[in-house]
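Below: the structure, in C-alpha cells.
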Amino acid sequence: MSTSNGRNRRVMERFKIDTNHRIASGVASTIRQIRRFMTVQRVKPPLNHPVDRPKPLTLTNADETTGFPIELIRKIIALLDDRPLDELYYCGECRRVPTGLVACSLVCSSWNDICRPHIFRSVTLDYGRDSDISRLSFLYLTAPHLCTYIRNLELRLPETPGAVSRWVQGRLPQFINLHELRLDGNFSVWCFPNSGTLSMYISHIVSLLPKASASHIKRLDLRCWSAAAEDLLPLLSACQTTLEDLSMEIDFIPESSLHQETFESTSKISSLIHLNALRSLTVHERYAARLSLSNVIECPNLETLRIEHYTDEFWDIPPWAPDGLSNLILDVDPNAMLPDLGITMRPSHLTINIHKQDDTPYSRVVAWIAACTNRLPHPKHLQQLTIAIMDAQYWDTPIYPDLADYEGLYHAVQSIHAQGSLKHVNLSVIAHKGAVSTSKLVELFGPILRDLEETPSAPNAIEDREVQVRMWLV
717 MSTSNGRNRR VMERFKIDTN HRIASGVAST IRQIRRFMTV QRVKPPLNHP VDRPKPLTLT
777 NADETTGFPI ELIRKIIALL DDRPLDELYY CGECRRVPTG LVACSLVCSS WNDICRPHIF
837 RSVTLDYGRD SDISRLSFLY LTAPHLCTYI RNLELRLPET PGAVSRWVQG RLPQFINLHE
897 LRLDGNFSVW CFPNSGTLSM YISHIVSLLP KASASHIKRL DLRCWSAAAE DLLPLLSACQ
957 TTLEDLSMEI DFIPESSLHQ ETFESTSKIS SLIHLNALRS LTVHERYAAR LSLSNVIECP
1017 NLETLRIEHY TDEFWDIPPW APDGLSNLIL DVDPNAMLPD LGITMRPSHL TINIHKQDDT
1077 PYSRVVAWIA ACTNRLPHPK HLQQLTIAIM DAQYWDTPIY PDLADYEGLY HAVQSIHAQG
1137 SLKHVNLSVI AHKGAVSTSK LVELFGPILR DLEETPSAPN AIEDREVQVR MWLV
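The sequence shown runs contiguously to residue 1190 in our numbering.
What follows is the structure, encoded as C-alpha cells:
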C-alpha cells in the first residue's frame, strides 16, 4: 500500500509539473498575442501631406520588464496559483506552492512583489520538526514583514510542552491579515495534555493574533482539542467579531487530567462572548467529551450546525445553539445513542448522514433514522429532509436493504410529511440500479413520490450499486 501511495504521489507531482509547464506556455503565448495587439501600425499618408512621426504607445502603471499594464501581470500571475481558497489541504497535506509561481517571482522585483502574496498566502508550521522551527525563527527574526501576506495559517503543536520554548523566543510577529487559522493538537489519546498545558500553548498562539477589534479571522478549525472552557474561550474571544465558520474536533480527556478549575474559570467570566458573525458550526465529538459552554458563548445568527458523533455516549445539541437555526446536519453511527434534540429547536432542513458498518443490519439503520426524526420537537417546521446511508461494504458481497427496510424509511418520511410543511426529500441508499430495486422504491414511495432520479456511481463504488432518490413533495 505504501508503494502504491508513493507511486501515486509521484504521478500527481509529475502531473502538477506538466500542468505548470502548460500554464507557462499559455502565458507566453498570451504575452506574444498582446504584444502584437500593442504594436503601433504605420499608415501610409496621402500625397502632399506632411508626414508626422508616429507617437509611441505609452501605458500608465506599466511593467518595466514587459511593458504590459501591471493589472494584466497581476491577473496572469493569479492564474498560476491553482490552490483553491477554500481547499488548502489535499490528503492531509498542505498544498505546495506551484513551481510556475515561484519561477515568476524570480523574474524581477516588481514581479516578486506581485507573487509574494500568493506564495505566502497559506503557511503550515509543525512545531515538532526542527526545520519548521527554523522557518518560524526566520519569520520573526529576519522577515517579519512576510507575516502580513499570510491569510491561512496552520499550526501543528508538539506533544511535549518543552518544545514550546524552542519556537517562542522574544517578541513574536502578529499575523494581522489572517483569515483562516487551523490548530492541530496532534496528540495521541493517552498523552493528551491537561488543561493547564494546553492553555500554555494557547497563550502563545493568541499572542500571534491581533486584537479582536483588528481581527480578520473568518474561519477557525480546531483539531484534537479540549472541551475545557479555558482552552476555547481565549481563541474565540480573539476573533469574535469576524468569525463566520467554526469547526471543533473535541477529543477525549481522561478525568485524571482534567483541570480542576474549569468550572471556576468559567464562572468567573463576567460577560458572554458574542459570536454574531458565526454562520456555520461543526462539532466533532470523537470520544466521550461534551461541549458544555452554556452562559459563556452566544451565536444568535447561526444558520448551520453539524455534529459528528460515533460513540454510544449521551449527546445533545449544544444549549447555546439558537433555536431558529435553519440547517441541522448529523453524522452518526447506527450504534450511537440517539441525540437529545431538546424542546425548542425547529430546523427547516435536517440531514442525517449515517455510516453503516459491514456487520450492521439495515433494520437497525432504519430504526435509528425513524427514532431520530421522531425526536424533532417541532416537525411541522421541517421543509427538507436528507437521508444518506453510507455503506462500508463495497468490495465484498454487499447486503442490500430489503422490502421491510424500505417500508421503515417510508413510514419515517410519511410521519413528517403528514405535518404539512415537508417539500423536499433526498434519500441516498446503496442498492442495485436494476428494475427490482427501483420497483421496490416506486411501490413503497409511490403515494408521495413525484420524481425518481438515478445518479452515476460514486468514484469509489462498484458500478451500478448506488441509487439516489429525490422526492419533491407538493
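Quick reminder that beta carbons are idealized off the backbone N, C-alpha and C, glycines included.
Neighbourhood of Cys831 by C-beta, 7 Å cutoff - its chain only, sequence neighbours within 5 removed
Position 115 of the sequence shown holds residue 831. Hits under 7 Å: Ile793, Leu817, Cys820, Ser821.
Taking the C-alpha atoms as reference points, what is the distance between Asp1118 and Ala1086?
Here the question's residue 1118 lines up with position 402 in the sequence shown. Here the question's residue 1086 lines up with position 370 in the sequence shown. Asp1118 and Ala1086: Cα-Cα distance of roughly 16 Å.
Mind checking Arg935: buried by the 16 CB within 10 Å criterion, or exposed?
To locate residue 935, count along the sequence shown from 1; it is residue 219. Flag for Arg935 reads buried.
Span of the alpha helix (DSSP H), counted from its first residue to its last, around Thr815:
In the sequence shown, residue 815 corresponds to position 99, counting from 1. From DSSP, the alpha helix (DSSP H) with Thr815 extends over 815–821.
Give the DSSP-derived three-state secondary structure of Asn990 in the structure shown.
Sequence index remark: in the sequence shown, residue 990 carries index 274 (1-based). The question names Asn, yet the displayed sequence has His at residue 990. Three-state result, His990: strand.
Reduced DSSP category for Asp900 - H, G, I as helix; E, B as strand; rest coil:
Stepping through the sequence shown from its first residue, residue 900 is reached at position 184. In this structure, Asp900 counts as strand in the three-state DSSP scheme.
Chain-order list of residues whose beta-carbon lies under 6 Å from that of Glu1024 (same chain, five-residue window excluded):
As a first step, residue 1024 is located in the sequence shown; it is residue number 308 there, counting from the start. Correct list, in chain order: His1000, Asp1047.
Here's the rule I'm using: 16 or more other beta-carbon atoms within 10 Å means buried, otherwise exposed. How should Gln1073 be labelled?
In the sequence shown, the residue the question calls residue 1073 occupies position 357. With fewer than 16 other Cβ atoms within 10 Å, it is exposed.
Quick check on Gln885: buried or exposed, where buried means 16 or more other Cβ atoms within 10 Å of its Cβ?
As a first step, residue 885 is located in the sequence shown; it is residue number 169 there, counting from the start. For Gln885, the predicted model reports a pLDDT of 48, less than 50, meaning its position is unreliable; a value from the coordinates is still stated below. Its Cβ having fewer than 16 others within 10 Å, Gln885 is exposed.
Along the alpha helix (DSSP H) that carries Val1082, what are the first and last residues, could you check?
Here residue 1082 is taken as the residue at index 366 of the sequence shown, counted from 1. Counting along the chain, the alpha helix (DSSP H) containing Val1082 begins and ends at 1078–1090.
C-alpha gap between Leu1066 and Leu1101, whole angstroms
Taking the first residue of the sequence shown as 1, we reach residue 1066 at position 350. Taking the first residue of the sequence shown as 1, we reach residue 1101 at position 385. About 5 Å.
Could you tell me which residues DSSP pairs with His1071 in its beta bridges?
As a first step, residue 1071 must be located in the sequence shown, where it is residue number 355. DSSP output for His1071 lists Met1106 as bridge partner(s).
In this structure, does DSSP put Asp1032 in helix, strand or coil?
Translated into the one-based positions of the sequence shown, residue 1032 becomes position 316. Correct three-state label for Asp1032: strand.
Residue span of the beta strand (DSSP E) that contains Ile966, given as start and end:
Sequence index remark: in the sequence shown, residue 966 carries index 250 (1-based). Counting along the chain, the beta strand (DSSP E) containing Ile966 begins and ends at 961–966.
Backbone secondary structure at Pro1055 - three-state DSSP
Position 339 of the sequence shown, counting from 1, holds the residue named residue 1055. In the structure shown, Pro1055 sits in coil (DSSP, three-state: anything other than H, G, I, E or B).
Would you call the CB atoms of Trp1036 and Ile1059 closer than 8 Å?
One-based indexing of the sequence shown puts residue 1036 at position 320. One-based indexing of the sequence shown puts residue 1059 at position 343. Cβ atoms of Trp1036 and Ile1059: not closer than 8 Å.
Could you pull the DSSP bridge partners for Arg832 from this structure?
If you number the sequence shown from 1, residue 832 lands on position 116. BP columns for Arg832 are empty, so no partner.
With distances taken from CA atoms, which of Glu1029, Asp1028, Arg995, Phe1030 is nearest Arg1022?
Here residue 1022 refers to the residue found at position 306 when the sequence shown is read from its first residue. Measuring from the Cα of Arg1022, the nearest candidate turns out to be Arg995.
Length of the line joining the Cα atoms of Ser919 and Glu965:
Position 203 of the sequence shown, counting from 1, holds the residue named residue 919. Position 249 of the sequence shown, counting from 1, holds the residue named residue 965. Taking the straight line joining both Cα atoms gives about 20 Å.
Return the CA-CA distance between Ala993 and Leu1041, expressed in angstroms with no decimal places.
Numbered from its first residue, the sequence shown carries residue 993 at position 277. Numbered from its first residue, the sequence shown carries residue 1041 at position 325. Near 14 Å, if we compare the C-alpha coordinates of Leu1041 and Ala993.
Any heavy atom of the ligand GDP closer than 7 Å to the CB of Leu1044?
Of ligands this structure carries none, so the ligand GDP is not represented either.
Output the distance between the C-alpha atoms of Val1082 and Ala1120, rounded to the nearest integer angstrom.
Looking up residue 1082 in the sequence shown gives position 366. Looking up residue 1120 in the sequence shown gives position 404. Cα-Cα distance, rounded: 10 Å.
With 16 as the cutoff for other CB atoms within 10 Å, does Thr696 come out buried or exposed?
Outside the displayed range of the chain (717 to 1190) lies residue 696, so it cannot be described from this structure.
Using only the alpha-carbon positions, how far apart do Cys824 and Pro785 sit?
Counting from one through the sequence shown, the residue named residue 824 turns up at place 108. Counting from one through the sequence shown, the residue named residue 785 turns up at place 69. If I take the Cα positions, the gap works out to 15 Å.
Is it buried or exposed for Phe753, if we count other Cβ within 10 angstroms and need 16 for buried?
Mapped onto the sequence shown, residue 753 falls at position 37. Model confidence at Phe753 stands at a pLDDT of 48, short of 50, so the residue's coordinates are unreliable; what they give is reported in the following sentence. Counting Cβ neighbours within 10 Å, Phe753 comes out exposed, since fewer than 16 surround it.
Val1012, enclosing beta strand (DSSP E) - first and last residue:
Counted from its first residue, the sequence shown places residue 1012 at position 296. Careful: Val1012 lies outside any beta strand (DSSP E) and carries neither H nor E.
Using the DSSP secondary-structure output, state which residues sit across from His1097 in a beta bridge.
As a working mapping, residue 1097 is identified with position 381 in the sequence shown. None, per the DSSP bridge assignment.
Same chain, Cβ closer than 7 Å to Ser1137, neighbours up to 5 away in sequence not counted:
Taking the sequence shown and counting its residues from 1, the one referred to as residue 1137 is at position 421. Taken in chain order, the residues that qualify are Lys1096, His1097, Leu1098, Gln1099.
Integer-rounded CB distance, given that Ile1068 should sit under 8 Å from Ile1103
Looking up residue 1103 in the sequence shown gives position 387. Looking up residue 1068 in the sequence shown gives position 352. Yes, Ile1103 and Ile1068 are in contact; Cβ-Cβ is about 5 Å, under 8 Å.
Looking at Ala1052: is its Cβ nearer than 8 Å to the Cβ of Tyr1026?
Your numbering for residue 1052 matches position 336 in the sequence shown. Your numbering for residue 1026 matches position 310 in the sequence shown. Their beta carbons are under 8 Å apart, which means Ala1052 touches Tyr1026 by this criterion.
Is DSSP giving Ile1023 helix, strand or coil here?
By 1-based counting over the sequence shown, the position of residue 1023 is 307. Looking at Ile1023 - three-state DSSP - the assignment turns out to be strand.
Distance CB(Leu924)-CB(Gly901) smaller than 8 Å
In the sequence shown, residue 924 corresponds to position 208, counting from 1. In the sequence shown, residue 901 corresponds to position 185, counting from 1. Cβ atoms of Leu924 and Gly901: not closer than 8 Å.
Taking the alpha carbon of Leu788 as the reference point, which residue from Trp827, Leu1044, Val813 has its own alpha carbon closest?
Locating residue 788 in the sequence shown gives position 72, counting from the first residue. Checking every option, the nearest Cα to that of Leu788 belongs to Trp827.
To the nearest angstrom, how far is it from the Cα of Ile933 to the Cα of Asp1056?
What you label residue 933 is simply residue 217 of the sequence shown in a count that begins at 1. What you label residue 1056 is simply residue 340 of the sequence shown in a count that begins at 1. Going by the C-alpha atoms only, they are around 32 Å apart.
Would you call the CB atoms of Met1061 and Asp1039 closer than 8 Å?
Taking the sequence shown and counting its residues from 1, one reaches residue 1061 at position 345. Taking the sequence shown and counting its residues from 1, one reaches residue 1039 at position 323. Yes. Within cutoff.
Quick one: using the 10 Å Cβ neighbour count with 16 as the cut-off for buried, is Gln854 buried or exposed?
Taking the sequence shown and counting its residues from 1, the one referred to as residue 854 is at position 138. In the sequence under discussion, the amino acid at residue 854 is Phe, which differs from the Gln named in the question. That one is exposed.
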